[in-house]
Amino acid sequence: MIDKTKHAIEIHNVSVRYRDFTALRDASISIPHGTFSGVIGMNGAGKSTLFKVIMGLVEPSHGTVQVCERSTHDAQRLGCVAYVPQNETVDWDFPVSVHDVVMMGRYGVQNIFRTPSEEDVAKVSQALHRVGMHEYKDRQIGELSGGQRKRVFVARALAQGADILLLDEPFAGIDAKSEKALTDLLLTLKEEGKTIVLSTHELTSLSEYCDHVALVKKTVIAYGPTHEVFTRDLVSQTFDGMVHRIRFAQ
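Here it is in structure tokens:
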């Protein structure tokens, strides 16, 4: 049972080094349960590394990480956190249906070699209905639009039963209508108690949906409520002064 009074993600003084290259340095962040956090920074700033640390895909050179008050290994084993990847990291030509992709979210619950149970099938169906993609369940995943693909991966996270959703550049390559639909879905999930964390370089409407923001530039420069952190001075520091046409919280 997760204690919602605790933080969903706790990272303290984490550094990640690859030989002579430091991808992340002394980063600390505490993300409360049930919040919608935006992780922003320039390309190569360490956003993806931060996500990999949370997912347990990268072992920190220094520091500690807890997800839902557990080690990243235990959090993954229990399906506490789900990852929605960037479009370009997926082989869309792979011969797999929408239904099959969402069923992958049940592999943490069922053995991958076991025939899916009635509960597994029901969870997948519910998740597809939830994101408005049930009518596409038999389509090959590569036949879908960018926005539809994102919704399928959100459905996979819902089928998994994850409390935390990490989305890597979810608005890249989708049109404004699809972005609005995806944002509305994520806001609804947040209202239901899910913790949403997304990385993005699209800052123009960030303050409209994120209640917390993390600014990343090889470390976490600042993290907190959007109205306190998403300011011209801090964002300018993060993006080396390139802050044109952005609506700031203050």
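The number in the working numbering is simply the position in the sequence shown, starting from 1, with 1017 added.
The beta carbon of each residue, even a glycine, is placed where N, CA and C say it ideally should be.
Quiz item: Do Ile1213 and Leu1182 have their CB atoms nearer than 9 Å?
Solution: Cβ atoms of Ile1213 and Leu1182: closer than 9 Å.
Exercise. Taking 9 Å as the cut-off, decide whether the C-beta atoms of Lys1207 and Phe1053 are in contact.
Key: Contact: yes.
Exercise. Ignoring anything shorter than 4 residues or poking outside the segment 1128 to 1193, list the alpha helix (DSSP H) runs there in chain order.
Key: Counting whole runs of 4 or more residues, the segment 1128 to 1193 contains the alpha helix (DSSP H) stretches 1135 to 1147 and 1163 to 1177.
Exercise. With DSSP collapsed to three states, give me the class of Phe1068.
Key: Three-state DSSP puts Phe1068 in a helix.
Practice problem: In angstroms with no decimal places, state the Cα-to-Cα distance between Val1246 and Ala1231. | Solution: Between Val1246 and Ala1231, the C-alpha separation is close to 8 Å.
Quiz item: Among His1229, Ile1071 and Ala1092, which one has its Cα closest to the Cα of Gln1177?
Solution: Of His1229, Ile1071 and Ala1092, the residue nearest in Cα terms is Ala1092.
Quiz item: When burial is assigned at 16 or more other CB atoms within 10 Å of the CB, is Leu1074 buried or exposed?
Solution: Classification of Leu1074: exposed, given that the 10 Å Cβ count is below 16.
Quiz item: Looking at the structure shown, is Tyr1240 part of a helix, part of a strand, or coil, going by DSSP?
Solution: Here Tyr1240 sits in strand by DSSP.
Exercise. Could you check what DSSP says for His1229 in three-state terms: helix, strand or coil?
Key: Residue state, collapsed to three classes: strand.
Self-check item: Sub-9 Å separation of Gly1063 and Thr1236 beta-carbons
Solution: Against a cut-off of 9 Å, the Cβ pair of Thr1236 and Gly1063 comes out as a contact.
Quiz item: Which two residues bound the contiguous beta strand (DSSP E) that contains Asp1043?
Solution: Counting along the chain, the beta strand (DSSP E) containing Asp1043 begins and ends at Phe1038 to Pro1049.
Self-check item: At least 3 beta-carbon pairs within less than 8 Å: the segment 1185 to 1200 vs the segment 1137 to 1146
Solution: Contact annotation: the segment 1185 to 1200 does not touch the segment 1137 to 1146, with fewer than three C-beta pairs closer than 8 Å.
Quiz prompt | Leu1251 in three-state terms, based on DSSP | solution = DSSP places Leu1251 in helix when its eight states are reduced to three.
Quiz prompt | Local conformation of Glu1027 per DSSP, three classes | solution = Looking at Glu1027 - three-state DSSP - the assignment turns out to be strand.
Quiz item: By DSSP, does His1090 sit in helix, in strand, or in coil?
Solution: Of the three classes helix, strand and coil, the one that applies to His1090 here is helix, per DSSP.
Practice problem: Could you work out which residue in Asp1185, Val1101 and Asp1201 is closest to Arg1147 when comparing CA atoms only? | Solution: It is Asp1201 whose Cα lies nearest to the Cα of Arg1147.
Practice problem: Please report how far the alpha carbon of Asn1030 lies from the alpha carbon of Lys1154, in whole angstroms. | Solution: In a straight line, the C-alpha of Asn1030 is about 43 Å away from that of Lys1154.
Quiz item: Between Cys1227 and Ser1065, what straight-line distance do the alpha-carbon atoms span, to the nearest angstrom?
Solution: Taking the straight line joining both Cα atoms gives about 19 Å.
Quiz item: Which partner residues does Arg1123 have in the DSSP bridge list?
Solution: Partner(s): none; Arg1123 has no beta bridge.
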